[in-house]
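Worksheet for the structure shown next.
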Amino acid sequence: MSGGEIQHQDEGARAYEVQETLQVRELEENLAQKEAEQRSLKRRLEEASMALDSAKKEVNLGCQLSDQMRKKARVEKEDRLRMGNCLRVEDREMCFRRAEHNQAMVEKEQLKEALLNLKMREAEQEEQALGGLKATRLDGVGQGTRKGGRSIVANPGNDSRAEGNPGKLEAEMSPRYIKLAWLANQALMDIPRSLLATEDMDNVFRTPREISQFLELCRGLYNDMKKLSAPP
54 MSGGEIQHQD EGARAYEVQE TLQVRELEEN LAQKEAEQRS LKRRLEEASM ALDSAKKEVN
114 LGCQLSDQMR KKARVEKEDR LRMGNCLRVE DREMCFRRAE HNQAMVEKEQ LKEALLNLKM
174 REAEQEEQAL GGLKATRLDG VGQGTRKGGR SIVANPGNDS RAEGNPGKLE AEMSPRYIKL
234 AWLANQALMD IPRSLLATED MDNVFRTPRE ISQFLELCRG LYNDMKKLSA PP
């Protein structure tokens, strides 16, 4: 092999080595660029993932806050409705109690007036009965005295019996006139009319217990008076 051929082969080898070196460098540069791009993509992916996680957390927090606000608003609304219902119930109860109190006061005043009228009528009838009883006693005493005087003239020995006749007459007439006084009181229609009027107003659901007991007492008194005034 000549020297020219050897030199030509060396130049070809060097050129090949240079070309290969250039290709290797190019490949290394491409690889480095790809690795850099891959690192950049990885970093961007991590950043996007972190942003997505943060967004998810914010969304979840917003949902939780929204749920809490809705629950709070619902509870407040229920509380307002409950309070409004309680106030309406209390107002109704207060109005009902006020009406009951007013009705009870009216019935009480009516009963007082009826009782006062009844007592006044009874006092008047009792006074009239006592006046009649006194007049009858005086009349009986006068008649007894006149009869006693005549008997004394006819028979002087009968003085003690004639003097005792007025007392006997009074003893006989007193029970009768007492019963007559009761009958006169019973002749009044104020008691039954008053009882009927109060019975129309009597309501077991609204009338206080004391007033109902008073009505029962009046009924019992009326029945007792009726029994006492009945003829024997």
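Just so we're aligned, residue 54 is where the sequence shown starts under the numbering used here, counting upward by one.
Beta carbons are placed, not taken as given, at the ideal position from N, Cα and C, and that holds for glycine.
Which one of the options has the shortest CA to CA distance from residue i?
i	options	result
Glu269	Lys172, Met147, Leu164 and Ala152	Leu164
Using C-beta distances below 7 angstroms, list every residue in its chain close to residue i, excluding the 5 sequence neighbours before and after it, in chain order.
i	result
Ala68	none
Leu114	none
Phe149	none
Lys87	none
Among residues of its own chain, excluding the 5 on either side of residue i, which ones have a beta-carbon nearer than 8 angstroms to its beta-carbon?
i	result
Gln50	Because the chain here runs from 54 to 285, residue 50 falls outside it and cannot be looked at.
Gly195	Residue placement at Gly195 cannot be trusted, given a pLDDT of 48 that sits under 50; the coordinates are not used to answer.
Given residue i, which residues of its chain have a CB within under 6 angstroms of its CB, disregarding the five upstream and five downstream residues?
i	result
Glu81	none
Cys116	none
Ser102	none
Residue i by DSSP, collapsed to three states: which one?
i	result
Glu73	helix
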